[in-house]
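For the sequence shown, my numbering assigns the number 5 to the initial residue and increments by one for each residue that follows.
These notes are about the structure you will find just below.
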Amino acid sequence: MPSITTKDGVEIFYKDWGPKDATPLVFHHGWPLSADDWDAQLLFFLAKGYRVVAHDRRGHGRSSQVWDGHDMDHYAADVAAVIEHLDLKGTVNIGHSTGGGEALHYTVKHGKGRVAKLVLIGAVPPLMLKTEANPGGLPLEVFDGFRAALAANRAQFFLDVPAGPFYGFNREGAKVSQGVIENWWRQGMMGGAKAHYDGIKAFSETDFTEDLKAVDVPTLVMHGDDDQIVPFADSAPLSAKLVAGSVLKVYEGFPHGMCTTHAEVINADLLAFIES
């Protein structure tokens, strides 16, 4: 399997499909998943002639199940290692959920001269945690509950999340896919419990405000207004305001996992932005 080894000895798995001279699209997955969560996008853009690259975050999927480094600085540095190894330039970096924070942090910290465009989908910035400065955030007790559920029975927790709020399958009239639920579970259980446990702090307590202000590439912010994982009101509109010249697209009734449940809509909008 293709992989690179980071400076601190972590093996990062990646997919690199498509013509080497085509525009490279780099995909950053959400917690606690893997590059496989982008299947619907990778196949679509591959068929359109693009080069698609997606990695498994440290501790996730097929990458090393290391015990430490589960924070945005390490996540971004790991992405940089993959992109530098492949010598990608003119990239469009597309991040979902936690991957949105990672794509943003990479763009600002390491992406100068390499990143051409940025897309944040259902992304965690600016800050998920409720604080005095962020009164619309979620209380710490919510994330403590995630940690407790993961530690008590990770396998059951990783069934409950996709069967309920992640894809909006708990909404009346939802078309539930057992395959989608089990594929989420499969990806989650491939990764390491320690990485997933620590990752909750990384996605909930990292303040991306300064990163958002520092973005200097065209940026598209996409979010479903029925997102039950990263609530819309305290995320996408605030991020879009902080990124100069960004475009905000809001999807009525779409869930957090809209890249899977509404792939045809999301893919078409991504293509339009990439080709604009």
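Every residue, glycine too, gets a C-beta built ideally from N, C-alpha and C.
- Between Y110 and N97 the beta-carbon gap is near 7 angstroms, inside 8 angstroms, which marks them as a contact.
- By the Cβ-count criterion, M5 is exposed, with fewer than 16 other Cβ atoms from all chains shown falling within 10 Å of its own Cβ.
- A distance below 7 angstroms between beta-carbons, with the five flanking residues on each side excluded, links A199 to the following residues of its chain, in chain order: R62, G63, H64, Q69 and H74.
- In terms of Cβ geometry, W42 and F31 form a close pair [threshold 7 angstroms].
- In this chain, the alpha helix (DSSP H) harbouring E186 covers Q182 to M194.
- Using a Cβ distance threshold of 7 angstroms, D82 and F17 do not count as a contacting pair.
- Between the beta-carbon of F162 and that of M193 there is about 6 angstroms, and that keeps the pair under the 8 angstroms contact cut.
- For W21, same chain residues with a beta-carbon under 6 angstroms away, outside a window of 5 residues either side, are L50 and V56 in chain order.
- For the stretch 132-178, the full-length alpha helix (DSSP H) segments reaching 4 residues or more read 144-165 along the chain.
- A check of alpha carbon separations from D40 across M132, N187 and H114 identifies N187 as the nearest.
- Within the stretch 47-98, complete beta strand (DSSP E) segments of at least 3 residues are found at 55-59, given in chain order.
- When rounded, the separation of the alpha-carbon atoms in M262 and T10 is 32 angstroms.
- Cβ-Cβ separation between L122 and V221: approximately 5 angstroms, consistent with a contact (criterion under 8 angstroms).
- The alpha-carbon separation between G103 and V234 amounts to approximately 12 angstroms.
- Shortest Cα-Cα distance from R175 to any of H100, D231 and V112 involves D231.
- In this structure, the CA atom of P23 is about 46 angstroms from the CA atom of T135.
- Pairing F147 with D25, the inter-Cα distance amounts to about 43 angstroms.
- T111 sits in a helix when the DSSP states are folded into three classes.
- By the CB criterion at 7 angstroms, P130 and L224 fall outside the cutoff.
- Scanning D77, D72, H260 and F258 for the CA closest to the CA of F212 turns up D77.
- Rounded to whole angstroms, T27 and D202 show a C-alpha spacing of 34 angstroms.
- For A120, the three-state secondary structure derived from DSSP is strand.
- Taking the C-beta atoms as reference points, Y54 is found nearer than 7 angstroms to L29.
- Under the three-state reduction of DSSP output, V251 falls in the strand class.
- Of the residues assessed, K217 falls on the exposed side of the cut-off, its CB having fewer than 16 other CB atoms within 10 angstroms.
- DSSP lists Y255 as the beta-bridge partner residues of G228.
- In the DSSP assignment, T9 falls within the unbroken beta strand (DSSP E) covering S7 to T9.
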